[in-house]
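Novice: Below is the structure I would like to discuss, written out as C-alpha cells.
Protein chains in written order, with the UniProt record's numbering: chain A, 1 to 232; chain B, 1 to 186.
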C-alpha cells in the first residue's frame, strides 16, 4: 500500500467512495493521487464499480433515437488519432527524446483540430499544478469552446522520462492527454473522445513516463502534481 | 452458465473487433445495446436531448476504449452500462443541476423494471445486489442510491436531508461495509 497513513479499512472505504462519487475536497485529491500511484487502489476502485454496476440492470431499456449516422460521422477523427498514436510511437522510437514532444504536439494539433462548435461565449478553465511542497510545476489553460489545451511548463524535472499530462474524470480512471514539452509552451487540441472529460472539477495531473508508447493506457510514474480544472 | 451466456460471448467478440477499429462491429454493439444505454442516460439525465448527446459520447468512448475492456474482469454489458452511468454523471455534475436532480429524484421511484435479456455477471449479481441493498437501513440505502444515480457528493447528500456531514458519512460508510460483506458472501 502506497499510502501508509491509511488503514486497510480506510483504504477500501476511500476506493468505494471514489467509485460511488461521494468523496470531495482533500479526500478526493488523495483518492485521485492513489489511482495514479497505487495499482491495488485502482483495482479496489474497479471492484467497487463492479459491485455497484448491477444497480443499472433494473433501469428499463428505452428505444434510442437514431443517432448512428451522426455518430459514424464522428468516428473519422478517432481513427486518425489511432494512426497518429502509432506514428507517435514510431517517431519517438526513431528520434531522440528532446525535440519530439514539440513535434508531436504540433502533429497532434494538426491531426485532431476539432469541428468548430456553435458556442457564443468562450470560456476558459485553468489548473495550476503544484508539487507537494507547493512549487509551481505547470499551468494548464483549456479553451472550452475549441477543446484546445495550452500548457506552460514552469519547472518540470529533467531526466530520461518525459512529462505526460492526464485528466481524471469524477469516479474514473486517468486518461492520457499526451506528452508535453518539458520547457516552454505546448498547445494542442484534446482528442475528441477526451474532450468530454475536460470539465470544471476534472483533475489534471502530470507524471514522468517512458517516451515510447505514449499516450499510455495508465500512468506508471509517480505523480508530480495534480489540480482541479476551474472556470475563470 | 445462464441463458444469456451466448449473447454475452457474442458481445465480447464484437467488442474485440471494435478494439481493432472495425466500424461494422461498433454498429453492431450500438444496435445491440443502445436501448439499454439510452435508458440509463435518460434515467440519470431526465432529458431526451441530453441523453442523446451523452449516448453519442458513450459510443465514441467505446470506439476508443474497447481495447481496455477485459472480459475476465467484467461482463461486457456491465462495462458498457458503467461507461454510460459515469458519462451521464460526469455531465450532470458539470452542469450544476443538483436542484433539478433532487426534484426528479423525489418524484420518481427507482422501480424494479424488467431487466431485459442481458446477463449482468453470470450469477444474477443484479438480484444479489438488490437483496443486499434491501437489507440496508433506510438512510444508508437511500443515500447510496442517490449518490449512484444522481451523482451527489457527501456534502450535497447531507445538505439535502439536512443532517451533519459526519452523520451522512457514517451512514454511507456503514452501508458500504455491510454491502461489501453481503455481496462478497454471496
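Here a beta-carbon is modelled for each residue, glycine too, at the ideal position from N, C-alpha and C.
Model, not experiment: these values are computed from the prediction.
1) Going by Cα to Cα distance, which pick from A/176, A/185, A/67 is closest to residue 139 of chain A?
2) So, with DSSP's three-state summary, where would you put residue 174 of chain A?
3) Note down, in chain order, each residue of its chain lying with its Cβ closer than 6 Å to the Cβ of residue 11 of chain B, except the 5 sequence neighbours on either side.
4) Taking DSSP's pairing of strands, which residues face residue 129 of chain B in a bridge?
5) Under 7 Å Cβ-Cβ, which residues of chain B neighbour residue 13 of chain A?
6) Strictly below 7 Å CB to CB, what residues from chain B border residue 67 of chain A?
7) For residue 197 of chain A, would you say it is in contact with chain B, using Cβ-to-Cβ distances shorter than 9 Å as the test?
8) Buried or exposed for residue 137 of chain B, please, with buried defined as at least 16 other CB atoms from any protein chain shown within 10 angstroms of its CB.
9) Using the rule of at least 16 other Cβ atoms within 10 Å of the residue's Cβ for burial, across every protein chain shown, is residue 165 of chain A buried or exposed?
10) So what does DSSP say about residue 152 of chain A, is it helix, strand or coil?
11) Strictly below 9 Å CB to CB, what residues from chain A border residue 162 of chain B?
12) Expressed to the nearest angstrom, what Euclidean distance is found between the alpha-carbon atoms of residue 50 of chain A and residue 126 of chain B?
13) With distances taken Cα to Cα, identify the nearest neighbour of residue 20 of chain A among B/170, B/161, B/146, B/165.
14) Looking at the C-beta of residue 134 of chain B, does it have a partner C-beta in chain A at a distance below 9 Å?
15) Flag this pair as touching only if the region 151-168 of chain A and the region 15-35 of chain B have three or more C-beta atom pairs under 8 Å; answer yes or no.
16) For chain A, is any of its Cβ atoms less than 9 Å away from the one on residue 86 of chain B?
17) Determine the closest residue to residue 210 of chain A out of A/200, A/204, A/180, with distance taken between C-alpha atoms.
18) If you draw a straight line from the alpha carbon of residue 178 of chain A to that of residue 215 of chain A, how long is it in whole angstroms?
Specialist: Walking through what the data contain:
1) Reading the first chain from its first residue, position 139 is the one you call residue 139 of chain A. The residue with the shortest Cα to Cα distance from residue 139 of chain A is A/185.
2) In the first chain, the residue the question calls residue 174 of chain A occupies position 174. Coil at residue 174 of chain A, not helix or strand.
3) The residue labelled residue 11 of chain B in the question sits at position 11 within the second chain. The answer, listed in chain order, is 76.
4) Position 129 of the second chain, counting from 1, holds the residue named residue 129 of chain B. The partner list for residue 129 of chain B (beta bridge, DSSP) is empty, contrary to what the question assumes.
5) Along the first chain, one-based indexing puts residue 13 of chain A at 13. The contacting residues are 173, 176.
6) Along the first chain, one-based indexing puts residue 67 of chain A at 67. Going along chain B in sequence order, the residues near residue 67 of chain A (Cβ under 7 Å) are 52, 55, 56.
7) Against the first chain, residue 197 of chain A aligns to sequence position 197. Yes, its Cβ sits closer than 9 Å to a Cβ of chain B.
8) Position 137 of the second chain, counted from the start, is the residue given in the question as residue 137 of chain B. Residue 137 of chain B is exposed by the Cβ-count criterion.
9) Position 165 of the first chain, counting from 1, holds the residue named residue 165 of chain A. Classification of residue 165 of chain A: buried, given that the 10 Å Cβ count is 16 or more.
10) Taking the first chain and counting its residues from 1, one reaches residue 152 of chain A at position 152. Strand at residue 152 of chain A.
11) For this step, residue 162 of chain B is matched to residue 162 along the second chain. By Cβ distance, chain A contributes nothing, its closest Cβ being about 17 Å from residue 162 of chain B, past 9 Å.
12) As a working mapping, residue 50 of chain A is identified with position 50 in the first chain. As a working mapping, residue 126 of chain B is identified with position 126 in the second chain. Between residue 50 of chain A and residue 126 of chain B, the C-alpha separation is close to 11 Å.
13) Looking up residue 20 of chain A in the first chain gives position 20. Closest by alpha carbon: B/146.
14) As a working mapping, residue 134 of chain B is identified with position 134 in the second chain. Judged by the 9 Å Cβ criterion, residue 134 of chain B is not in contact with chain A.
15) no
16) Position 86 of the second chain, counted from the start, is the residue given in the question as residue 86 of chain B. Cβ-Cβ to chain A under 9 Å: yes for residue 86 of chain B.
17) For the purposes of this step, residue 210 of chain A is taken as residue 210 along the first chain, with counting starting at 1. Among A/200, A/204, A/180, the Cα nearest to that of residue 210 of chain A is on A/180.
18) The residue you call residue 178 of chain A lines up with position 178 of the first chain. The residue you call residue 215 of chain A lines up with position 215 of the first chain. Their backbone Cα atoms lie some 5 Å apart in a straight line.
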